[in-house]
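Visitor: The structure that follows is given in the form of structure tokens.
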Amino acid sequence: MATVTLNQAEKTYANGYKAIHGIDLEIQHGEFTVLVGPSGCGKSTLLRMIAGLESISDGEISIDDKVVNKVAPADRDIAMVFQNYALYPHMSNYNNMAYGLRNRGHSKSEIDSKVREAARILQLEDHLERKPSQLSGGQRQRVAMGRAIVRQPKVFLFDEPLSNLDAKLRVDMRLEIKNLQQRLGITSVYVTHDQVEAMTLADRLIVMKGGIAEQIGSPIDIYEKPETLFVAGFIGSPAMNFLPGKVSDDRTHVVVGDKVKLDLDHDVEAGRNVTVGIRPEHFRLCGDDAGPVSASVRMVESLGAETLVYLDFGIGNENVTLRVQGTHQFAKGTVLTLSITPDMIHLFDSETGKRI
Amino acid sequence: MYQSKWRIFTNHAILILGALFMIMPVWIAFVSSTHTREFVFQNGLQFWPGEHFFENYGAILFDPSATKGRVTALEMLFNSMVLGLGFAIGKVIISMMAAYAIVYFRFKLAVPLFWVVFSTLLLPLEVRIVPSYEVVASLGLLNTYTGLILPLIASATGTFFFRQFYRSVPDELLEAARLDGAGPIRFFIDILVPLSVTMIAAIFIIMFVVGWNQYLWPLLMTTDDQLYTIVIGIKQVYNSLYEGGQIPQFPKAFALTIMATIPPVLVVVVFQRMFVKGLVETEK
Ligand SMILES: Nc1ncnc2c1ncn2[C@@H]1O[C@H](COP(=O)(O)OP(=O)(O)OP(=O)(O)O)[C@@H](O)[C@H]1O
Ligand SMILES: [Mg+2]
Numbered sequence: 001m002a003t004v005t006l007n008q009a010e011k012t013y014a015n016g017y018k019a020i021h022g023i024d025l026e027i028q029h030g031e032f033t034v035l036v037g038p039s040g041c042g043k044s045t046l047l048r049m050i051a052g053l054e055s056i057s058d059g060e061i062s063i064d065d066k067v068v069n070k071v072a073p074a075d076r077d078i079a080m081v082f083q084n085y086a087l088y089p090h091m092s093n094y095n096n097m098a099y100g101l102r103n104r105g106h107s108k109s110e111i112d113s114k115v116r117e118a119a120r121i122l123q124l125e126d127h128l129e130r131k132p133s134q135l136s137g138g139q140r141q142r143v144a145m146g147r148a149i150v151r152q153p154k155v156f157l158f159d160e161p162l163s164n165l166d167a168k169l170r171v172d173m174r175l176e177i178k179n180l181q182q183r184l185g186i187t188s189v190y191v192t193h194d195q196v197e198a199m200t201l202a203d204r205l206i207v208m209k210g211g212i213a214e215q216i217g218s219p220i221d222i223y224e225k226p227e228t229l230f231v232a233g234f235i236g237s238p239a240m241n242f243l244p245g246k247v248s249d250d251r252t253h254v255v256v257g258d259k260v261k262l263d264l265d266h267d268v269e270a271g272r273n274v275t276v277g278i279r280p281e282h283f284r285l286c287g288d289d290a291g292p293v294s295a296s297v298r299m300v301e302s303l304g305a306e307t308l309v310y311l312d313f314g315i316g317n318e319n320v321t322l323r324v325q326g327t328h329q330f331a332k333g334t335v336l337t338l339s340i341t342p343d344m345i346h347l348f349d350s351e352t353g354k355r356i
Numbered sequence: 357m358y359q360s361k362w363r364i365f366t367n368h369a370i371l372i373l374g375a376l377f378m379i380m381p382v383w384i385a386f387v388s389s390t391h392t393r394e395f396v397f398q399n400g401l402q403f404w405p406g407e408h409f410f411e412n413y414g415a416i417l418f419d420p421s422a423t424k425g426r427v428t429a430l431e432m433l434f435n436s437m438v439l440g441l442g443f444a445i446g447k448v449i450i451s452m453m454a455a456y457a458i459v460y461f462r463f464k465l466a467v468p469l470f471w472v473v474f475s476t477l478l479l480p481l482e483v484r485i486v487p488s489y490e491v492v493a494s495l496g497l498l499n500t501y502t503g504l505i506l507p508l509i510a511s512a513t514g515t516f517f518f519r520q521f522y523r524s525v526p527d528e529l530l531e532a533a534r535l536d537g538a539g540p541i542r543f544f545i546d547i548l549v550p551l552s553v554t555m556i557a558a559i560f561i562i563m564f565v566v567g568w569n570q571y572l573w574p575l576l577m578t579t580d581d582q583l584y585t586i587v588i589g590i591k592q593v594y595n596s597l598y599e600g601g602q603i604p605q606f607p608k609a610f611a612l613t614i615m616a617t618i619p620p621v622l623v624v625v626v627f628q629r630m631f632v633k634g635l636v637e638t639e640k
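Protein sequences, first through last, are from chains A and B. The numbers in the numbering used here rise by one with no breaks, and the one at position 170 of the first sequence is 170. The number in the numbering used here is simply the position in the second sequence, starting from 1, with 356 added.
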């Protein structure tokens, strides 16, 4: 177990591209931290800086209060699981797991017991003598995990470890990773661009964009109180609806388009231009009663357990997504009345994109 | 693909003709080497084996006078073997290490150095043979195996092929190995070398054959018969066929030629197995 601390960590690549713009972060003992963000935002770069595979251009990274900027990857006592597994193709799975231990001079019997223990945990006992090429994707992923856990490192680093697996296996492996991490209690940093993985795995979530940490917090905090428009749009699926609005003169409403008026309990000045964010799951259908919002149906997608309805809010071509439980049949053009409680309304500054 | 009977027939006919065309000279040389010299002299080249196989090959292998020098074919085969193996093994090792340095170590001159090495591909041995001779001579290495092999073992071709291969090895393997505590030497030995087996076999085959067939270089480097390679021996035997008013020793000359081809063929056959096996395993 260990803590990982980043202090204004920066990365400028050799070609002059600045991939990380100063990140501060403190990861606690045994915490599962997830880095999430769109492609190219610097997640892998940051992870690789922690691993020591990329140099740190500025700032400091410490593991257990010891600055590791100049420490070689092997001496940082970390283990990493790569997206493409990076197993040694010519070695048996046993040797793949044993290799790191051998290089560290463990005794044969010690290596054997550690590898067998890891294989037992990961249900790989029957595959130890085979080569990685003779395993399925999920099994290879397990071998890669095994290679990481045999060493009992201070920190686990995962770079999109599940993105090469099919959807079902991904769910299984996700649970397995979470389970394993909790059982072993090893501090972990996990990179993904899949927000379901991010939400389910994280004790703490870091949403990155363009080399900076947009928001750091527990998944639920980030879901409930996104600090910026970017975070609000990135976390949650289907994505949050954004509507341009203006706060009414008496500050009790926000007016969207020309017909929709939403109750507010925010403290904002009158007449301010804002972006209103509402999650698709936070609308409530009012049945036949008159509700505060009415909109006509443009399209319906049934997913079985839930139904996504795309509505015309009278703000141009943009759809507003509504998510309701169960299956519903709405003909195109049906007018639905909806309500929304004020505390489910997010307001963002139209210019800065910051939460109000 | 659908093929008519005719098509199959003509395809095979062409292939069989081609194969015969390639094999005939070898066959003629072989069967002619199993007759007495008088017989061949009177009746010309032969198409069917005679009865003097053991006699002729025995003489060539063990009797220095049969090869017109003071060495037997066996000794020359040994010399060629040393040259071929030294040449091939040396080239494989040197070019693997050179490529390793070029691909995996970021030193300032890596790229220009690579191009310098690469451009020497364009220079055949003959261009530098005189200066190389000077160097070997002044080091006192004439008439030694070292002098024969050492100046030839730098290989631009090998370096180039290994470089291309290393660049195709995923970076993550190196990174995983670094995290696993493998230093540069361990990574090379434990990971890169086993992954390169196919490549090594291919380059080894090519280089062995090239080394085996060297003529000009060993001719210059060796004045001592004891170091003659089989290729020089063949040349010498053919040169002296019509000397001294004797009946030309065609059968033994042919025997020597046939023997000279056997080791390269064996190397190709053995290593091709490995080569194909390597290919199949990495494909999976
Ligand atoms: N070696 C490099 N040299 C220069 N720029 C690089 C290098 N590696 C990455 N970058 C750039 O740094 C930025 C961040 O890359 P990084 O690999 O960290 O993205 P990522 O968030 O992991 O994206 P993805 O989700 O696609 O994996 C990208 O814009 C990328 O082009
Ligand atoms: Mg990445």
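Glycine is no exception: its CB is placed at the ideal position from the N, C-alpha and C atoms.
Which residues of chain A have a Cβ atom closer than 7 Å to the Cβ of residue 528 of chain B, listed in chain order?
Guide: Residues of chain A passing the Cβ test: 82, 84, 86.
Visitor: Check whether the Cβ of residue 100 of chain A lies closer than 8 Å to any Cβ atom in chain B.
Guide: Interface residue, yes.
Visitor: Using only the alpha-carbon positions, how far apart do residue 34 of chain A and residue 144 of chain A sit?
Guide: When rounded, the distance between both Cα atoms is 19 Å.
Visitor: How about residue 346 of chain A: is its C-beta nearer than 8 Å to some C-beta of chain B?
Guide: Not closer than 8 Å to any Cβ of chain B, the Cβ of residue 346 of chain A fails to qualify, so no.
Visitor: What is the rounded straight-line gap between the Cα of residue 9 of chain A and the Cα of residue 548 of chain B?
Guide: Residue 9 of chain A and residue 548 of chain B: Cα-Cα distance of roughly 33 Å.
Visitor: Taking only runs that begin and end inside the stretch 205-265 of chain A, name each unbroken beta strand (DSSP E) of 3 or more residues, in chain order.
Guide: 212-217, 241-247, 253-256, 260-263
Visitor: What residues in its chain sit with their C-beta under 7 Å from that of residue 342 of chain A, if we drop five residues either side in the sequence?
Guide: 263, 264, 265
Visitor: Are residue 492 of chain B and residue 498 of chain B closer than 8 Å when you measure CB to CB?
Guide: yes
Visitor: If you draw a straight line from the alpha carbon of residue 420 of chain B to that of residue 607 of chain B, how long is it in whole angstroms?
Guide: 16 Å
Visitor: Does DSSP put residue 191 of chain A in a helix, a strand or coil?
Guide: When DSSP states are grouped into helix, strand and coil, residue 191 of chain A belongs to the strand group.
Visitor: Okay, do the stretch 70-82 of chain A and the stretch 534-547 of chain B touch, 3+ Cβ pairs below 8 Å being the bar?
Guide: yes
Visitor: Is any heavy atom in ligand 2 found nearer than 7 Å to the beta carbon of residue 81 of chain A?
Guide: no
Visitor: Taking 7 Å as the limit between beta carbons, can you name the residues of its chain near residue 529 of chain B, skipping five residues before and five after?
Guide: Correct list, in chain order: 547.
Visitor: How about residue 43 of chain A: is its Cβ closer than 7 Å to a heavy atom in ligand 2?
Guide: yes
Visitor: Please tell me whether residue 93 of chain A has its Cβ less than 8 Å away from any Cβ of chain B.
Guide: no
Visitor: List in chain order: all unbroken alpha helix (DSSP H) runs of 4+ residues lying wholly within the stretch 23-78 of chain A.
Guide: 43-51
Visitor: Touching or not, the stretch 401-412 of chain B and the stretch 578-593 of chain B, by the rule of three or more beta carbon pairs under 8 Å?
Guide: The answer is no - the stretch 578-593 of chain B does not touch the stretch 401-412 of chain B, with fewer than three Cβ pairs under 8 Å.
Visitor: Measuring CB to CB, does residue 206 of chain A end up less than 8 Å from residue 213 of chain A?
Guide: yes
Visitor: How far does the alpha helix (DSSP H) with residue 418 of chain B in it reach, from first residue to last?
Guide: 409-418
Visitor: Would the beta-carbon of residue 30 of chain A be found less than 7 Å away from any heavy atom of ligand 1?
Guide: no
Visitor: Going by the beta-carbon positions, is the gap between residue 620 of chain B and residue 564 of chain B smaller than 8 Å?
Guide: yes
Visitor: Tell whether a beta-carbon distance below 8 Å holds between residue 440 of chain B and residue 567 of chain B.
Guide: yes
Visitor: Which bits of chain B does residue 103 of chain A rub up against, with CB to CB less than 8 Å?
Guide: Per Cβ cutoff of 8 Å: 536, 537, 538, 542.
Visitor: Beta carbons nearer than 9 Å to chain B: which residues of the stretch 46-69 of chain A have them?
Guide: Hits within the stretch, in order: 48, 51, 52, 53.
Visitor: Using a Cβ-based criterion (distance less than 7 Å to any ligand heavy atom), does residue 569 of chain B qualify as near ligand 1?
Guide: no
Visitor: Run down chain B in chain order and give the residues with a C-beta less than 9 Å from the C-beta of residue 282 of chain A.
Guide: The premise fails here: residue 282 of chain A is roughly 42 Å from chain B at the closest Cβ pair, so nothing lies under 9 Å.
Visitor: If you reduce the DSSP assignment to three classes, tell me which class residue 80 of chain A lands in.
Guide: strand
Visitor: At the level of alpha carbons, what is the spacing between residue 258 of chain A and residue 240 of chain A?
Guide: 21 Å
Visitor: Have a look at the DSSP bridge pairing and note the partners of residue 325 of chain A.
Guide: A/306
Visitor: Of all the CB atoms in chain B, is at least one closer than 8 Å to the CB of residue 90 of chain A?
Guide: yes
Visitor: Answer with yes or no whether the minimum CB distance from residue 406 of chain A to chain B is below 8 Å.
Guide: In the structure as shown, chain A starts at 1 and stops at 356, and residue 406 of chain A therefore has no counterpart that could be examined.
Visitor: Between the Cα of residue 152 of chain A and those of A/327, A/305, A/118, A/243, spot the shortest distance and give me the residue it belongs to.
Guide: A/118
Visitor: CB of residue 15 of chain A to nearest heavy atom of ligand 1: below 7 Å?
Guide: yes
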